[in-house]
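Asks: After the structure tokens below, expect a handful of questions from me.
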Amino acid sequence: MTDSATAQRDPFAALKDQPADGLLALIGLYRNDPRPEKIDLGVGVYRNADGQTPVMAAVKAAEQRLLTEQTSKSYLGPEGDPVYVELLKPLAFGETLAASKRLIGVQTPGGTGALKLIAELLKLTGSRVFVGTPTWPNHGPIFKSAGVEVIEHPFFDKATQTVLFDEMMAALKAARAGDAVLLHGCCHNPAGAEFTAPQWQALNAFILERGLLPVIDLAYQGLGNGLEDDARATRALLATVPNALIAYSCDKNFGLYRERVGAIYALAATEAMAQRILGNILVIARTHWSMPPDHGGAIVRVILQDADLTQVWKDELAETQSRLVELRTLLAASHPRLAPMAAQTGMFSLLPLTPDQVTSLREHHGIYMAGSGRINIAGLTVENIPVLATALSPYL
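Below, the structure written as structure tokens:
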């Protein structure tokens, strides 16, 4: 007979309460703040001068074409849309590498899906991953959830707004051959900081010499210095090393946030090894989402297959990038301590603030940002930058 106490045992009793997501909580606080002058610099999505996250005209045109011409909603298969995956290759990696059989790719649900596949692949290889701090808060949990050992090293000092390159290189000397190094391809999140060209060259040589595996998160191509410039560091690194893993996202540069559009790419030393990696990626993907969603990738495919739509998209992306540069320039000019932000790129910067100062700015001025001091540059406007600078002045 079953013991009654055992029969009534709650199967979820072993679960532990989890801390609330800070950014999600910030959304609620901002929404409930009645002050009309409040400023939202928290959530990391692009906003235009009207505070909206628009749907690109190229995206609308592609969706209309899909509505008219698409004949099936059948499964894509675990590899996703192969045409979409191929069309992204020259955009990210250039024509020469795009044609190489050493480079394979698979569609994923956003760049996060690509990072998850990379983490699971690293677990199979036994690689540790070296991650610079600060970084996107989800990087560490993604690798750790797959059982990959994460080793943190210095990357950026927000007090001085400088890249800690020497400290980073010293820390990487502890890496063993086969260990992975996580790198932001461009537009660092959250710091907005970039390596200089000589620093990239030194890092590339070090990775090659030590036999390390670069893992490149390329999530913001086109939002920093333009499509070609933002890909330059990734292309130079891939021309140097025999092996690499890349997580690519179209969520930001195509404005397809809710569609979750990404891809994982792997560069291998040989074509045969590339195919082996592909087989392993497909098995991992099958156990996670089975088949990736189609709509967002299909939009990108339609745009990149049509020269006119591609040009419309590139023009819109250039406008987005130009606005971010303008806002950065104005913010950097508003206070001497903020001057380094003019040389940073992308959607984010990390203000030299303490969590208590961030709380004070929210409570007394209605200025909302992550507790780390990360701000979304696209949440600024020409009108509210002086307001922000005045509020920040006592803390800078």
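The numbers in the UniProt record's numbering rise by one with no breaks, and the one at position 37 of the sequence shown is 37. Glycine is no exception: its CB is placed at the ideal position from the N, C-alpha and C atoms.
#1: Output the distance between the C-alpha atoms of Leu245 and Ala307, rounded to the nearest integer angstrom.
#2: Pick from Leu324, Ala99, Met369 and Glu194: whose alpha carbon is nearest that of Gly28?
#3: By a C-beta neighbour count over all protein chains shown, 10 Å radius and 16 as the cutoff for buried, is Ala233 buried or exposed?
#4: So Phe155 is in the beta strand (DSSP E); what residue range does that whole segment cover?
#5: Mind listing, in chain order, the continuous alpha helix (DSSP H) runs of no fewer than 4 residues lying wholly within the segment 183 to 265?
#6: Among Ser372, Gly371 and Leu388, whose alpha-carbon lies nearest the alpha-carbon of Gly379?
#7: Short check: CB of Leu282 to CB of Pro78, under 8 Å?
#8: Output the distance between the C-alpha atoms of Met1 and Pro11, rounded to the nearest integer angstrom.
#9: Given this structure, state the Cα-to-Cα distance separating Gly80 from Pro293, to the nearest angstrom.
#10: Taking all protein chains shown into account, decide if Thr345 is buried (16 or more other Cβ within 10 angstroms of its Cβ) or exposed.
#11: In angstroms, rounded to a whole number, what distance separates the CA positions of Gly110 and Trp313?
#12: If you run the structure through DSSP and keep just helix, strand and coil, what is Phe12?
#13: If I measure Cβ to Cβ from Val302 and keep anything under 6 Å in the same chain, skipping five residues before and after, which residues do I get?
#14: Where does Asn48 land, buried or exposed, given buried means 16+ other C-beta within 10 angstroms?
#15: Look up Ser145 in the DSSP assignment and say whether it is helix, strand or coil.
#16: Since Phe206 contacts Met169 with CB under 8 Å, what's their CB separation in whole angstroms?
#17: Do you know offhand how far Lys116's Cα is from Ala146's?
#18: Residues bridged to Gly51 by DSSP?
#19: Using DSSP with H/G/I as helix, E/B as strand and the rest coil, what is His35?
#20: For Val131, which residues does DSSP report across the bridge?
#21: Is Pro109 helix, strand or coil when you go by DSSP?
#22: Alpha carbon to alpha carbon, how far is Pro394 from Arg362?
#23: Just the Cα atoms here: how many angstroms apart are Ala198 and Leu237?
#24: What are the boundary residues of the alpha helix (DSSP H) that includes Ser334?
#25: Report the start-end ranges of each beta strand (DSSP E) in the segment 256 to 315 that is 3 residues or longer and not cut off at the edges.
#26: I need the DSSP call for Tyr368, collapsed to helix, strand or coil.
#27: In three-state DSSP terms, what is Leu392?
#28: Could you tell me which residues DSSP puts in a beta bridge with residue 417?
#29: Under 6 Å Cβ to Cβ from Val59, same chain only, skipping five residues before and after it: list those, please.
#30: Are Ser127 and Gly178 closer than 8 Å when you measure CB to CB?
#31: Please decide whether Tyr395 counts as near chain B, where near means a Cβ-Cβ distance under 8 Å.
#32: How do the segment 170 to 189 and the segment 208 to 222 stand: do at least 3 beta-carbon pairs fall below 8 Å, yes or no?
#33: Quick one: residues in its chain with C-beta nearer than 6 Å to the C-beta of Lys173, no 5 flanking neighbours on either side, listed in chain order?
#34: Which partner residues does Asp349 have in the DSSP bridge list?
#35: Would you mind working out which of Gly94, Leu124 and Asp251 sits nearest Glu149, comparing C-alpha positions?
Replies: According to the data block:
#1: As a working note, residue 245 is residue 245 in the sequence shown. As a working note, residue 307 is residue 307 in the sequence shown. Cα to Cα, the separation comes out at about 29 Å.
#2: For the purposes of this step, residue 28 is taken as residue 28 along the sequence shown, with counting starting at 1. Gly28 has its Cα closest to that of Met369, out of Leu324, Ala99, Met369 and Glu194.
#3: Counting from 1 along the sequence shown, the entry for residue 233 is found at position 233. By the 10 Å Cβ count, Ala233 comes out buried.
#4: As a first step, residue 155 is located in the sequence shown; it is residue number 155 there, counting from the start. Per DSSP, Phe155 lies in no beta strand (DSSP E) and is assigned neither H nor E.
#5: 197 to 210 and 227 to 238
#6: Indexing the sequence shown from 1 puts residue 379 at position 379. Answer by Cα proximity: Leu388.
#7: Translated into positions along the sequence shown, residue 282 becomes position 282. Translated into positions along the sequence shown, residue 78 becomes position 78. Result yes, Cβ atoms of Leu282 and Pro78 sit closer than 8 Å.
#8: On the sequence shown, position 1 is the one that residue 1 refers to. On the sequence shown, position 11 is the one that residue 11 refers to. Low confidence applies here, because Met1 scores a pLDDT of 46, under 50, leaving its location unreliable; read the following figure in that light. Their backbone Cα atoms lie some 20 Å apart in a straight line.
#9: The residue you call residue 80 lines up with position 80 of the sequence shown. The residue you call residue 293 lines up with position 293 of the sequence shown. Cα to Cα, Gly80 sits roughly 8 Å from Pro293.
#10: Translated into the one-based positions of the sequence shown, residue 345 becomes position 345. With 16 or more Cβ atoms within 10 Å of its Cβ, Thr345 is classed as buried.
#11: Looking up residue 110 in the sequence shown gives position 110. Looking up residue 313 in the sequence shown gives position 313. Roughly 19 Å separates the two Cα atoms.
#12: The residue you call residue 12 lines up with position 12 of the sequence shown. For Phe12, the secondary structure class from DSSP, reduced to helix, strand or coil, is coil.
#13: Here residue 302 corresponds to residue number 302 of the sequence shown, with the count starting at 1. Excluding sequence neighbours, Val302 sits near Ala62 and Arg65.
#14: The count along the sequence shown starts at 1 and reaches residue 48 at position 48. Exposed: under 16 other Cβ atoms inside 10 Å.
#15: As a working mapping, residue 145 is identified with position 145 in the sequence shown. Here Ser145 sits in helix by DSSP.
#16: For the purposes of this step, residue 206 is taken as the residue at position 206 of the sequence shown. For the purposes of this step, residue 169 is taken as the residue at position 169 of the sequence shown. With 8 Å as the limit, Phe206 and Met169 qualify as a contact, their Cβ atoms being about 7 Å apart.
#17: Sequence index remark: in the sequence shown, residue 116 carries index 116 (1-based). Sequence index remark: in the sequence shown, residue 146 carries index 146 (1-based). So the two alpha carbons sit approximately 8 Å from each other.
#18: For the purposes of this step, residue 51 is identified with residue 51 of the sequence shown, where counting begins at 1. Note: Gly51 sits in no beta bridge, so no partner.
#19: Within the sequence shown, residue 35 is the residue found at index 35, counting from 1. It is Arg, not His, that sits at residue 35 in the sequence shown. If DSSP states are grouped into helix, strand and coil, Arg35 belongs with coil.
#20: Counting from one through the sequence shown, the residue named residue 131 turns up at place 131. According to DSSP, which records beta bridges pairwise, Val131 is partnered with Glu152.
#21: Mapped onto the sequence shown, residue 109 falls at position 109. Here Pro109 sits in strand by DSSP.
#22: Looking up residue 394 in the sequence shown gives position 394. Looking up residue 362 in the sequence shown gives position 362. Cα to Cα, the separation comes out at about 14 Å.
#23: In the sequence shown, the residue the question calls residue 198 occupies position 198. In the sequence shown, the residue the question calls residue 237 occupies position 237. Note that residue 198 is Pro in the sequence shown here, rather than Ala. Approximately 13 Å between the Cα atoms of the pair.
#24: The count along the sequence shown starts at 1 and reaches residue 334 at position 334. Run containing Ser334: none; DSSP gives neither H nor E here.
#25: 261 to 267
#26: For this step, residue 368 is matched to residue 368 along the sequence shown. Residue state, collapsed to three classes: strand.
#27: Residue 392 sits at position 392 when you count from the first residue of the sequence shown. In this structure, Leu392 counts as helix in the three-state DSSP scheme.
#28: For the chain, the structure presents residues 1 to 396; residue 417 sits outside this window and is missing.
#29: Along the sequence shown, read from residue 1 onward, the residue named residue 59 stands at position 59. Around Val59: Ile299.
#30: The residue labelled residue 127 in the question sits at position 127 within the sequence shown. The residue labelled residue 178 in the question sits at position 178 within the sequence shown. The answer is yes: Cβ separation under 8 Å.
#31: This model lacks chain B altogether; it includes just one protein chain.
#32: Result yes; three or more Cβ-Cβ pairs closer than 8 Å.
#33: In the sequence shown, residue 173 corresponds to position 173, counting from 1. Beyond the five residues adjoining it in sequence on each side, Lys173 comes within less than 6 Å, by CB distance, of no other residue in the same chain.
#34: The count along the sequence shown starts at 1 and reaches residue 349 at position 349. First, the residue type needs correcting, since residue 349 is Ser and not Asp in the sequence shown. Ser349 is bridged to Ile375.
#35: Translated into the one-based positions of the sequence shown, residue 149 becomes position 149. The candidate whose alpha carbon is nearest that of Glu149 is Leu124.
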